[in-house]
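Some notes on the structure that comes next.
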Amino acid sequence: MVCDERLASFINSFNTDYDEVVTSIRREAEENRVPIIRREAGEFIKMLILMNRPKKILEIGSAVGFSAIFMSRFLDDDAHVTTIENYQPRIEEAKKNIVRAGASDKITLLEGDALEILPEMTESYDMVFMDAAKGQYGNFFTEAIRLLAPKGVLLCDNVLQDGDVLESRFAVTRRNRTIHSRMREYLYELTHNEHLETAILNIGDGMSLSIRK
Numbered sequence: 001m002v003c004d005e006r007l008a009s010f011i012n013s014f015n016t017d018y019d020e021v022v023t024s025i026r027r028e029a030e031e032n033r034v035p036i037i038r039r040e041a042g043e044f045i046k047m048l049i050l051m052n053r054p055k056k057i058l059e060i061g062s063a064v065g066f067s068a069i070f071m072s073r074f075l076d077d078d079a080h081v082t083t084i085e086n087y088q089p090r091i092e093e094a095k096k097n098i099v100r101a102g103a104s105d106k107i108t109l110l111e112g113d114a115l116e117i118l119p120e121m122t123e124s125y126d127m128v129f130m131d132a133a134k135g136q137y138g139n140f141f142t143e144a145i146r147l148l149a150p151k152g153v154l155l156c157d158n159v160l161q162d163g164d165v166l167e168s169r170f171a172v173t174r175r176n177r178t179i180h181s182r183m184r185e186y187l188y189e190l191t192h193n194e195h196l197e198t199a200i201l202n203i204g205d206g207m208s209l210s211i212r213k
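When you number the sequence shown by the working numbering, it's gap-free, plus one each residue, and the end is 213.
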C-alpha cells in the first residue's frame, strides 16, 4: 500500500459516513468487492464540495452509485450530479441504490461507454470526478477538460495504483503493465497541461487535483 494501513485506520476512526443508507451501500460494495472511494478519499471530496459549492458535477465511472450518492449529500439544493457507467450489472445496482438513498432528484445516471457519451455532452461542469478504468484516464482527459468550467476542479482517483505506478514496469505483473504505463503517461500529461494547475496527492490510493486556469 502507498500509505500505512495503521495510519489510515486511525484517521478513518474519526470519519463516519453521512447516514445509514450510505454506510449500508458502502458495506455491501466492500462485501462484494466492488471498488468504491475509500473513506479518506471521501472525506477529501466532501471538503472540496463544501468549500467550492459546485452546482454541476460530472462523474466518470458510477460503479454501484456510491460516490455519486455520497457527493449528493453535501450539495446545495440547486446542485446536481451527472454520472456515467458502462457495466450493466452495476448500472442496475446503481439505479436501485439511488432510489434507495432518495437521491433521484440529485443524480442523473447516463448508461453507456463514456468515450461515446462524453463527446455528445455540451454542458460545462464545476467539478469532474474521474473514477473509472484507470487505463482509460488518458482517453477521457480531452473531453473532461472540454467540459470543465473555468476555475473548475478535475479530481481523479486511484492514480497511484496501490504504489505500482512508482515501480519499474518490470516490477509489476505482466497483466498490469499496460495500465502502469498509461497511468504514468496520464500523470505526465496532467501535470504538464497548460490549462491546468495540478497536484498529486497521497490520499487513499492516490488522487490528482487539478484546477482549470
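No residue lacks a Cβ here, since even glycine has one placed at the ideal position from N, Cα and C.
Would you check if the distance between the CB atom of residue 36 and the CB atom of residue 63 is smaller than 7 Å?
Yes; because the gap between Cβ atoms is below 7 Å, this pair is in contact.
Short of 8 Å in beta carbon distance, which residues of its chain neighbour residue 98, apart from the five on each side in sequence? Order them along the chain.
Correct list, in chain order: 65, 68, 69, 104, 107, 109.
Does residue 89 come out as helix, strand or coil in the three-state DSSP assignment?
Residue 89: helix per DSSP, three-state reduction.
Relative to the C-alpha of residue 84, which candidate in 112, 192, 187 has its C-alpha closest?
Comparing Cα-Cα distances from residue 84 to each of 112, 192, 187, the minimum goes to 112.
For residue 22, report the span of its alpha helix (DSSP H) as first-last.
Residue 22 -> alpha helix (DSSP H) spans 20 to 31.
DSSP has residue 56 in a bridge; who is on the other side?
Looking at the DSSP assignment, residue 56 forms a beta bridge with 80.
Taking C-beta to C-beta, are residue 61 and residue 132 nearer than 7 Å?
Against a cut-off of 7 Å, the Cβ pair of residue 132 and residue 61 comes out as a contact.
Cα separation between residue 28 and residue 39?
One C-alpha to the other measures close to 15 Å.
Would you give the residue range spanned by the alpha helix (DSSP H) that residue 6 belongs to?
In this chain, the alpha helix (DSSP H) harbouring residue 6 covers 5 to 12.
Once you ignore the five residues that flank residue 187 on each side, which residues in its own chain have a CB closer than 8 Å to its CB?
Shown here for residue 187: same chain residues with a beta carbon closer than 8 Å to its own, the five before and five after excluded, namely 159, 165, 200, 208 in chain order.
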